[in-house]
Amino acid sequence: MDPAGPVVTRPARLRELPALLRRNRDFRLLFAATVVSFLGDWFAFVAVSEFAITATGREGAGAIAFAANVLPVFCVAPIAGVLADRLDRRRLFVVVNLAAIVPCAGLLAALWLGQPWLAVGCLAAIALVVAFVEPITAAAVPNLVDPADLSLAQAALGSVWGTMLFVGAGVGGLVTQVFGAETSFVLDALTFATAAFLVLRVRRPFRSGPLPEAAGMVFHLAEVWRFVRPRKVTKAFMLTKTGVGVGNGIVGLLPAFALTRLGGSSLAIGYLFAARGLGALAGPLLGRAIARDDGRRLMLVCGGSILAYGAAYAFLPLVTSLPMALLLVAVAHLGGGAQWVLSTYGLQVTTPDASRGRVTSLDFGLATLAVGVSSLLAGAAADAVGLTVASWMMVALALAYGGSWLVWTRDLWQSPTDPLRGPS
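Counting with the numbering used here, you get residues -3 to 420 for the letters of the sequence shown.
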C-alpha cells in the first residue's frame, strides 16, 4: 500500500466557495449533482415515513423506515469502496444514480397498492444503490480540487447535505401535504437523473494515477485493515461517526414524535428533519472554526460533538412544543454534522488516494451499520415501552460511546504535536 503521508490543507472558509465554484468547473458540476440528489432524497423519506406509521398504526414504523434507508449501506459499503478504487469513478457515479430511478417507481406502486412495507423495501433498494455515491465522492474530491482547496470543498459538500436536508425535508413535508406523496416520489426520480447528467459532463479524472491491479475483495479489505491498524489517528477518525450512529435510532423516532405529540402531520415531520438539516449545515462550520486546522482540536470537537448530540436529545421526550423540539433537534445535529464532516476530512488527509475509496467506504459502512441497528432497536423499543424510554436508551448509548472515545483518544488530543502532521 502507498505509504504516502498526510496532506495538510488550510482551514475552510465557506465565503470562498463561490470563487472555487467559479474557477473549478468540474467541482461545480459534482457539487450541483450532490445538491439535487440530496434534495430529492428527503422528499421521499418524509412521505414514506408518514405512510408507514399511518398505514400500520405503529409508532416504531418510522424508525424501521429510517433503518431501511441506512442499513443496506453497510452491506454494500465494502463492495462500493473496492469498486470506487477499481473502476472509473465517474461512470460508476452515473450508473448508480440512474439505477436508483427503478425503486423510485416502486414507491409509486407501493402507494397505489396500499403496501407500506413494499414502500419501506423500495427505500432500502434506493439506499442499496446510492450507497456507492458516498465513497465515490469522498475518493474523487481530492482529485477534482487543488490540495489547498480540499478542506473548503469537503466542508462545502458536508454543508450541502445539511442544507438539502433542511430544504428538502421542509419542502418535502409541504409538497407531501399539499400535492401528495406521488409528487414527492416523482421528484426523487428526477433528481437522480439530473445528478447523473451533471456528472457526465465532468472532464477531470476522478482518480490520480493508474488503476490498481485486480485482486479479490478479501485482499482489498485486508490491505485496508493493514493500513488502518497501526495508525491510531486514522482509526480514531473512522470510529467517531459510530458514536452518533449508535444513538441515531432516535432520529427514526422523529416521525412518531411529529405525528403523536407535535402536530400530527407530514408538515411536522418535515419541520423536524429540516431542523436536523439546519444543525447539520451549521455544525461543520462551527466545528471547523473551533478546530482551526489543528488535529488535536479536531479530535476534541469530534468527541465533544457526540456528547452534545446525546445531551440535546435527552430533553426531546420532555417537550410538547414543536418550536422547542425543533431547537433541540437542531442543537443535537450541530454536533452530529460537525463530527461527520470533520472526521471525513481527517480520513481524507491521512489516507493515500489508492485506498481512499475503500477506507471511506469502510468508515461509512461502520457508521450506517450503527445507525441501522440503532434504528431497529429504537423501533422495537418504541413499540414495546414507548417513545420516551426508547429515546433515552438511544441517548445513553451516545453518551457512553462519546465518553469512551474521548478517553481512548486522549493521547492524540493531548499530544504535543499535531497528529495530522505526522504518523500516529
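Idealized CB from N, CA, C, for every residue including glycine.
Check, Outcome
"DSSP state of L249 mapped onto helix, strand, coil", "coil"
"4-residue-minimum alpha helix (DSSP H) runs that sit fully inside the segment 363 to 408, ordered along the chain", "383 to 404"
"Spatial distance of L426 from S33 (CA atoms)", "Outside the shown range of the chain, which is -3 to 420, sits residue 426, and nothing can be said about it."
"Reduced DSSP category for V32 - H, G, I as helix; E, B as strand; rest coil", "helix"
"Proximity of S371 and G248 at Cβ, strictly below 9 Å", "yes"
"Stretch-stretch touch, CB-based, cutoff 8 Å, three pairs: the segment 264 to 275 with the segment 68 to 86", "no"
"CB contact flag (A51, P112, <9 Å)", "yes"
"Sequence-distant residues of its chain with Cβ nearer than 7 Å to V367 (five each side left out)", "V66, G241 and N244"
"Euclidean distance between Cα positions of A115 and L303", "34 Å"
"Endpoints, alpha helix (DSSP H) assigned at D289", "Element bounds for D289: n/a, residue is neither H nor E."
"Presumed contact (8 Å Cβ cut-off) between L107 and E178, rounded CB distance", "6 Å"
"Nearest neighbour of A454, chosen from L323, P313 and A185 [CA to CA]", "The structure shown does not extend to residue 454, since the chain is modelled only from -3 through 420, so no value can be given for it."
"8 Å contact criterion, which K228 and L408 should meet: CB distance rounded", "7 Å"
"Contacting residues, own chain, Cβ-Cβ under 7 Å from V69 (five flanking each side not counted)", "A123, A127, F360, G361 and T364"
"Alpha carbon of M160 to alpha carbon of A29, nearest angstrom", "12 Å"
"contact_flag[the segment 35 to 48, the segment 323 to 336] where n(CB pairs < 8 Å) is 3 or more", "no"
"Buried versus exposed, by CB contacts within 10 Å (16 or more), T5", "In this predicted model, T5 has a pLDDT of only 40, less than 50, meaning its place in the structure is not dependable; the value taken from the coordinates is given anyway. Answer is buried; the Cβ neighbour count reaches 16."
"Where the alpha helix (DSSP H) through P131 begins and ends", "V129 to L140"
"G239: first and last residue of the uninterrupted alpha helix (DSSP H) it sits in", "K228 to V242"
"S261 to V42 span [Cα, whole Å]", "10 Å"
"Spatial distance of R292 from L183 (CA atoms)", "43 Å"
"P2, DSSP secondary structure in three states", "For P2, the pLDDT reaches just 33, beneath the cut-off of 50, and the residue's location in the model is therefore unreliable, although a value from the coordinates is still provided. Reduced to three states, the DSSP call for P2 is coil."
"Contact belief for L343 with L294 at Cβ below 8 Å, rounded distance in angstroms", "That belief does not hold up - the Cβ atoms of L343 and L294 are roughly 11 Å apart, past 8 Å."
"Where the alpha helix (DSSP H) containing A192 begins and where it ends", "A177 to L196"
"Nearest residue (CA-CA) to G169, options I286, R197, V44 and G110", "V44"
"Bounding residues of the alpha helix (DSSP H) (the contiguous stretch that carries L83)", "Run containing L83: none; DSSP gives neither H nor E here."
"V72 and A96 closer than 9 Å at C-beta", "no"
"Pair within 9 Å by beta-carbon distance, G306 and A59", "no"
"Classification of W336 by the beta-carbon crowding that lies within 10 angstroms, buried from 16 upward", "buried"
"Cut-off 7 Å between Cβ atoms - residues of its own chain near A378, not counting five sequence neighbours on either side", "E55, G56, A59, L249, A252 and A386"
"Limits of the alpha helix (DSSP H) - the one that T340 falls within", "L318 to V345"
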